[in-house]
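The letter at position 65 of the sequence shown is residue 65 when you use the UniProt record's numbering, and the numbering goes up by one with no holes.
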Amino acid sequence: MLSDSATRRMPSASDTTRRLAAIDLGSNSFHLLVANYQGGQLQVVAKLGEKVQLAAGLDDQARLSEAAMQRAFDCLARFAPFIGDTPADQLRVVGTNALRAASNSRDFIDRAEAQLGHGIEIISGREEARLIYLGAAHALAEVHGRRLIVDIGGGSTEYIIGENFAPLALESLHMGCVTYTQRFFGDGELSEKRFRRAELAALSELANIRRPYRELGWSDPVGSSGTVKAAAAVLAASDECPEGVIEREALFNLRKRLIKYKRLDQVAMEGLKEDRATVFPAGIAILCATFEAFDLAQMRFADGALREGVLYDLAGRNTAEDSRRQSLATLRQRYGVDHDQAQRVANSAQALFEQVSENWTLAEEQGQFLHWAAQLHEIGLAISHSQFHRHGAYLLHHSDLPGFSRPEQQALAFLVRAHRRKFPLKELDGLPPALQHPYSRLARLLRLAVLLNHSRPEVPASGVELVAKGDDLILALHQPLDDAALLVTDLEQEVEYQAAAGFSLSLVVPATA
1 MLSDSATRRM PSASDTTRRL AAIDLGSNSF HLLVANYQGG QLQVVAKLGE KVQLAAGLDD
61 QARLSEAAMQ RAFDCLARFA PFIGDTPADQ LRVVGTNALR AASNSRDFID RAEAQLGHGI
121 EIISGREEAR LIYLGAAHAL AEVHGRRLIV DIGGGSTEYI IGENFAPLAL ESLHMGCVTY
181 TQRFFGDGEL SEKRFRRAEL AALSELANIR RPYRELGWSD PVGSSGTVKA AAAVLAASDE
241 CPEGVIEREA LFNLRKRLIK YKRLDQVAME GLKEDRATVF PAGIAILCAT FEAFDLAQMR
301 FADGALREGV LYDLAGRNTA EDSRRQSLAT LRQRYGVDHD QAQRVANSAQ ALFEQVSENW
361 TLAEEQGQFL HWAAQLHEIG LAISHSQFHR HGAYLLHHSD LPGFSRPEQQ ALAFLVRAHR
421 RKFPLKELDG LPPALQHPYS RLARLLRLAV LLNHSRPEVP ASGVELVAKG DDLILALHQP
481 LDDAALLVTD LEQEVEYQAA AGFSLSLVVP ATA
């Protein structure tokens, strides 16, 4: 495992070529990107996109309709042949706003994972914003200075301010071209009154970030993804703006032109793809509100967004560039975690992991999560000593952690929740089914690592042997230890805790203990 203190580096030209793939399950469109990654650059192998309009399938109870899910499954069936030879650890499938909102997203994910043979991660709005910025920043690498990135999606719109490859402000607002089409143009009619209602709703969403964003400032307003791309294409086709640029006066003239159509099914413009026409007015309403809120004179389009950001982030996983490391380092600092004790527990957890990982078929990535959980197991002490394992789990589950998907945060929170007292079987059942077995095993290792360091010894425990036989564990202490009586008492209690959860733990201790 790499040290969390490792410094960030940009890949060199000599880096080995890697085949990476990303599938973006957006609220309006699904996108596939397959690329070779070398020397810090992506060389596109395959790039596909389809309008699925998943968000249009959400009913009043936020349930995805069977028809919407079937559109998604049909699209994924067409994507599947392009990812068949991509290593599992070089592929990420991410879901965004529609799957964040859907009450039956678990059902959709289970069926989609079975179809793809790969896990699906639902990412938070701010994590989506971070990845969008990463993709756009690489597309704009030649431009220096502070940027405002705007990405109008089907169910949410992301606003990011950043410099170089570092975001300074991240926000995801609940407005998108599909959801606003349903909300303001649901019967297909277009009018000035309806258009302005959509803009005012967007301005209301923007009210909370308008002032802090304008105070932070930027020199380069940039738009990414479908609505901005389509607007730039329409304005270029009518010779109102240079290619790839949206100017304020031209944008508001485009607004007037759209309203004159009176109905969504009549919208047809040179440069506008037919499959985007019905959601285009709602997207333009959000874009006009953005220009109004931030007093923009113009915006240019960047051909880099979420899927590119996913690949660049994937390329940095488990290296010094892994954004998850910085997120957790920030969290440890914010809540004043005892660094020495955290490291002692992490070292013990690593030693135990190495002894049983082969028999228990635990992957290196899972060992990384054990390491992180060990470093964070006392984070809840910042709230209260009583039930601090519960407080720590809550913080990890609900904090914005750049780099982590929702399932990853849930898994990390579970490990911290499970590190002491009764084994939390209810929380284990709440994990995605594929994670339950390996993470129950990781939790058992973390519990033992914590107990081995209960007295906060200056010298780590040695002569500790752990053997796994199926799900049964045998822990042997081959050397006398400081505070041996206390440790043995703790371990005997742990035997009872694990037995109550259906696990077997046996102890072999020195006769003098």
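Note that beta-carbon positions come from the ideal geometry of N, C-alpha and C, so glycine has one too.
Predicted model only: the values in this text are computed from it and were never measured.
Need the endpoints of the alpha helix (DSSP H) that residue i sits in, please.
i           : result
PHE388      : 388 to 398
THR181      : 177 to 184
TYR335      : Note, TYR335: premise wrong, no alpha helix (DSSP H); not H, not E.
ASP107      : 105 to 116
residue 537 : Residue 537 is absent from the structure shown; the chain starts at 1 and stops at 513.
THR290      : 280 to 294
GLY367      : 364 to 376
SER455      : Looking at the DSSP string, SER455 is not in any alpha helix (DSSP H), and its letter there is neither H nor E.
Can you round the beta-carbon distance between residue i and residue j to whole angstroms, since I take them to be within the 8 Å contact cut?
i           : j      : result
GLY392      : GLY135 : Going by Cβ atoms, the distance from GLY392 to GLY135 rounds to 33 Å, so no, they are not a contact pair.
SER224      : ILE120 : About 23 Å; that fails the 8 Å criterion.
LEU54       : LEU64  : 7 Å
LEU466      : VAL356 : 6 Å
ALA346      : GLN375 : 5 Å
LEU475      : LEU425 : Going by Cβ atoms, the distance from LEU475 to LEU425 rounds to 21 Å, so no, they are not a contact pair.
ARG456      : GLN341 : 6 Å
ALA68       : ALA77  : Going by Cβ atoms, the distance from ALA68 to ALA77 rounds to 15 Å, so no, they are not a contact pair.
PRO402      : SER327 : 5 Å
residue 591 : GLY176 : The displayed coordinates of the chain run from 1 to 513. Any statement about residue 591 would go beyond what the structure contains.
LEU140      : ALA351 : Actually they are not in contact, since the Cβ atoms of LEU140 and ALA351 sit about 45 Å apart, beyond 8 Å.
ILE379      : VAL337 : 6 Å
ILE122      : SER405 : 7 Å
Which two residues bound the contiguous beta strand (DSSP E) that contains residue i?
i      : result
ASP322 : Per DSSP, ASP322 belongs to no beta strand (DSSP E) and is neither H nor E.
PHE301 : 298 to 301
ALA468 : 464 to 469
ASP472 : 472 to 477
GLY95  : 91 to 95
THR157 : 157 to 163
ARG78  : Not the beta strand (DSSP E): ARG78 falls in the alpha helix (DSSP H), residues 66 to 79.
LEU264 : That residue, LEU264, is in no beta strand (DSSP E); it is neither H nor E in DSSP.
GLU171 : 166 to 173
Applying the criterion that 16 or more other CB atoms from any shown protein chain within 10 Å of the CB defines a buried residue, is residue i buried or exposed?
i           : result
SER191      : exposed
ALA282      : buried
ASN164      : exposed
residue 518 : The structure shown does not extend to residue 518, since the chain is modelled only from 1 through 513, so no value can be given for it.
LEU2        : Annotation note: pLDDT 34 at LEU2 (below 50); position unreliable, no value reported.
ALA363      : exposed
ALA250      : buried
GLU171      : buried
THR17       : exposed
HIS419      : buried
SER14       : No answer about SER14 holds up, because its pLDDT of 41 lies below 50 and its placement is not dependable.
THR179      : buried
GLY117      : exposed
HIS377      : buried
ASN36       : exposed
ARG92       : buried
GLN368      : buried
ASP429      : exposed
GLU494      : buried
ARG421      : exposed
ASP151      : buried
GLN366      : buried
Does the distance from the C-beta atom of residue i to that of residue j stay below 8 Å?
i           : j      : result
ASN28       : VAL279 : yes
LEU131      : PHE79  : no
LEU473      : LEU370 : no
ALA231      : LEU306 : no
GLY162      : ALA101 : no
LEU58       : PHE185 : no
VAL222      : ARG300 : yes
HIS478      : GLY502 : no
VAL94       : ARG71  : no
residue 515 : LEU311 : Residue 515 falls outside the range modelled here, since the chain spans only 1 to 513, and no answer is possible.
GLY26       : THR96  : yes
LEU415      : TYR394 : no
ASN237      : GLU270 : The residue asked about is misnamed: residue 237 is Ala in this sequence, not Asn. A contact, by the Cβ cut-off of 8 Å.
ARG248      : GLN182 : no
TRP360      : ARG441 : yes
LEU451      : LEU491 : yes
GLU292      : LEU173 : no
VAL44       : PHE82  : no
GLN90       : ALA166 : no
Under 8 Å between C-beta atoms, does residue i make it to chain B?
i      : result
LEU451 : In the displayed structure, chain B is absent; only one protein chain is listed.
message: My parser needs the beta strand (DSSP E) runs of 3 or more residues fully inside the stretch 201 to 261; what are they?
response: DSSP runs (the beta strand (DSSP E)) wholly in the stretch 201 to 261: 220 to 224, 245 to 247.
- request: Quick one: which unbroken beta strand (DSSP E) runs of 3-plus residues sit fully inside the stretch 36 to 61? Chain order, please.
  value: 41 to 51, all fully within the stretch 36 to 61.
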